[in-house]
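Asks:
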Amino acid sequence: MVNSKQETLRKTPTGINGLDEITNGGFPKGRPILICGSAGCGKTLFAAQFLIKGITDYKEPGVFMSFEESPKDLEQNFESLGFDFKNLQAQKKLRIDHVRIERSEIEETGEYDLEGLFIRLNYAIDSIGAKRVVLDTIESLFSGMENMALLRSEIRRLFTWLKEKGVTTIITGERGESSLTRQGLEEYVSDCVILLDFRVIEQIATRRLRIVKYRGSTHGTNEYPFLIDEHGISGAARYLLKVRLQIIHRNYIYRITRIGSGILYWGTLPRQQHPYNRQCGHFKNYSCRSFCIEQL
Amino acid sequence: MKKKVKDKSTIEGKLVLKLYVSGMSYKSMQAIENLKLLCDEHLKDSFELEIIDIFKNPKLASEQHIVFSPSLLKKSPLPKKTLVGTLSDTQKVLKTLGITTE
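Top line first, the protein sequences correspond to chains X and V.
Okay, so the first sequence: first residue is -11 according to the working numbering, each after it adds one.
Okay, so the second sequence: first residue is 310 according to the working numbering, each after it adds one.
(1) Using DSSP's beta-bridge definition, name the partner residues of glutamate 162 of chain X.
(2) If we ignore side chains and look at the alpha-carbon of each, how far apart do asparagine 75 of chain X and threonine 44 of chain X end up?
(3) Taking arginine 286 of chain X and aspartate 85 of chain X to be in contact with their CB atoms under 8 Å, please state how far apart those CB atoms are, rounded to whole angstroms.
(4) Using beta-carbon positions only, say whether threonine 148 of chain X and glycine 161 of chain X come within less than 7 Å of one another.
(5) Residues in the same chain with beta-carbon distance under 6 Å from glutamine 171 of chain X, minus the five sequence neighbours each way, listed in chain order, please.
(6) Under 7 Å between C-beta atoms, does aspartate 101 of chain X make it to chain V?
(7) In this structure, what does DSSP give as the bridge partners for cysteine 180 of chain X?
(8) Per DSSP, what kind of secondary structure is serine 141 of chain X in: helix, strand or coil?
(9) Aspartate 349 of chain V by DSSP, collapsed to three states: which one?
(10) Which term fits glutamate 342 of chain V, buried or exposed, when burial requires 16 or more other beta carbons within 10 angstroms of its beta carbon?
(11) Give me the Cα-Cα distance between serine 397 of chain V and leucine 403 of chain V, rounded to the nearest whole angstrom.
(12) In the DSSP assignment, the alpha helix (DSSP H) including lysine 404 of chain V goes from what residue to what residue?
(13) Kindly indicate which three-state DSSP category phenylalanine 71 of chain X falls into: helix, strand or coil?
(14) With H, G and I counted as helix, E and B as strand and the rest as coil, what does DSSP make of tyrosine 329 of chain V?
(15) Using a C-beta to C-beta distance shorter than 7 Å, which residues of chain V count as neighbours of isoleucine 107 of chain X?
(16) Would you call the CB atoms of leucine 62 of chain X and glycine 50 of chain X closer than 7 Å?
(17) Any beta carbon of chain X sitting closer than 7 Å to that of histidine 351 of chain V?
(18) Leaving aside the five residues before and after valine 122 of chain X along the sequence, list all residues of the same chain whose C-beta is less than 6 Å from its C-beta, in chain order.
(19) Using a Cβ cut-off of 8 Å, which residues of the segment 388 to 402 of chain V contact any Cβ in chain X, in chain order?
(20) Establish whether the CB of threonine 2 of chain X and some CB of chain V are separated by less than 7 Å.
(21) Please work out which residues of its chain come closer than 8 Å, Cβ to Cβ, to leucine 173 of chain X, disregarding the five sequence neighbours upstream and downstream, and give them in chain order.
(22) Can you give me the start and stop residues for the alpha helix (DSSP H) that threonine 44 of chain X sits inside?
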């Protein structure tokens, strides 16, 4: 069963350097992908970069449906990272739809559905021929609503619909206490789940990414460190690294423990590659101030 | 034109309602029926109602921030309210629209 899926599973390159390597080619084409993690771990940036790269590198128009930030905020936030939302919207390659819900104005008076959302999404997708969609963060819908069961089944229907529509969709979700997302979205998005993490250990902050699940595809299983820096698009792309950990030089194995203001790398590199020089070069690009090499 | 209607209604205290439905879905039909009954019984002529099919006007759904369907928007008098669902909870509907206080 796995084999037959592997043969038919088509992939959409994310354009995020390193991520395409560890996913063996990108995200599953035309399917929903869940990106979860706690607040501030880079979910929105990840999703935005997937859209922007899709437009600029792969000619795939995209729809950004924001449940939290307004289009103006998004434009401003990502302008500093080099994403030109305004221009791409003018070119009809990107569409931002802000789903603003005023809780204080809403009263539930019986059964309802999310047809309004479906219609908006459908309109946005069709109007620019979008191939990529971001829903950031759909769980916001739940806050303040009474009928959770109904919303859940509607969201399940939405994911099925998106799949039928054939768009590759990133759904972001905030990490819950006992589950990956607050509303357990991981139960509905069964194809691909990515977990982002932002940890501070011994005063060193490190962002990490792990593929929790990728149905029908092999993938790297480690936690991979990545960087978000002020250079934005290329920065984040360039530094999402595969494995950059041990350096073998003259039969000694070294482990790089700290680089610059602090990213922790570890893992293994194939011995035969003798990557010492390349690594150094890489660090230079990375304009780090300092790093320690520890002999194992 | 929109503004004019609003001004006029505010002066007269007239209820201005917009019901957004999605095609001929069961829930949409139910909402229309419930609202009709309710208006006949409690409002007589002192209201303005427009029924809009978001299937036919998808752009409007975005402009009016419609997410849930059916959605009844009370445009006037203030405060603005959005009643989502089939409007079968009559007491809640009447209260939210300001027709009854209890």
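We put the CB at the ideal spot given by N, CA and C, even for glycine.
Replies: So, from the listed chains and residues:
(1) What you label residue 162 of chain X is simply residue 174 of the first sequence in a count that begins at 1. DSSP lists X:Gly25 as partners of glutamate 162 of chain X.
(2) Numbered from its first residue, the first sequence carries residue 75 of chain X at position 87. Numbered from its first residue, the first sequence carries residue 44 of chain X at position 56. Using only the alpha carbons, I get a separation of about 12 Å.
(3) As displayed, chain X neither begins before -11 nor continues past 284, which places residue 286 of chain X out of reach and without an answer.
(4) Along the first sequence, read from residue 1 onward, the residue named residue 148 of chain X stands at position 160. Along the first sequence, read from residue 1 onward, the residue named residue 161 of chain X stands at position 173. Contact: no.
(5) As a working mapping, residue 171 of chain X is identified with position 183 in the first sequence. Correct list, in chain order: Glu127, Phe130.
(6) The residue given as residue 101 of chain X occupies position 113 in the first sequence. Yes, aspartate 101 of chain X lies at the interface with chain V (some Cβ there is under 7 Å from its Cβ).
(7) Counting from one through the first sequence, the residue named residue 180 of chain X turns up at place 192. The partner list for cysteine 180 of chain X (beta bridge, DSSP) reads X:Ile21, X:Tyr202.
(8) Numbered from its first residue, the first sequence carries residue 141 of chain X at position 153. DSSP places serine 141 of chain X in helix when its eight states are reduced to three.
(9) The residue given as residue 349 of chain V occupies position 40 in the second sequence. Helix, per DSSP.
(10) Here residue 342 of chain V refers to the residue found at position 33 of the second sequence. Exposed.
(11) Looking up residue 397 of chain V in the second sequence gives position 88. Looking up residue 403 of chain V in the second sequence gives position 94. One C-alpha to the other measures close to 11 Å.
(12) Your numbering for residue 404 of chain V matches position 95 in the second sequence. Residues 399 to 405.
(13) By one-based count along the first sequence, residue 71 of chain X stands at place 83. Three-state result, phenylalanine 71 of chain X: coil.
(14) Here residue 329 of chain V corresponds to residue number 20 of the second sequence, with the count starting at 1. Tyrosine 329 of chain V: strand per DSSP, three-state reduction.
(15) In the first sequence, counting from the first residue as 1, residue 107 of chain X sits at position 119. The answer, in chain order, is Ser331, Ile363, Phe364, Pro367, Ala370.
(16) Along the first sequence, read from residue 1 onward, the residue named residue 62 of chain X stands at position 74. Along the first sequence, read from residue 1 onward, the residue named residue 50 of chain X stands at position 62. Not in contact: leucine 62 of chain X and glycine 50 of chain X (Cβ atoms no closer than 7 Å).
(17) Taking the first residue of the second sequence as 1, we reach residue 351 of chain V at position 42. Not one chain X Cβ lies under 7 Å of histidine 351 of chain V.
(18) Taking the first sequence and counting its residues from 1, one reaches residue 122 of chain X at position 134. Closer than 6 Å at Cβ, skipping near neighbours: Ala35, Leu39, Phe52, Ile158.
(19) Listed by position along the chain: Pro388, Lys389, Lys390, Thr391, Leu392, Val393, Gly394, Thr395, Leu396, Ser397, Asp398, Lys401, Val402.
(20) Numbered from its first residue, the first sequence carries residue 2 of chain X at position 14. Answer no: the Cβ-Cβ gap between threonine 2 of chain X and chain V never drops below 7 Å.
(21) Here the question's residue 173 of chain X lines up with position 185 in the first sequence. Leu22, Cys24, Ile126, Glu127, Ile143, Ile159, Gly161, listed in sequence order.
(22) Locating residue 44 of chain X in the first sequence gives position 56, where the first residue counts as 1. Where threonine 44 of chain X is concerned, the enclosing alpha helix (DSSP H) stretches over 31 to 46.
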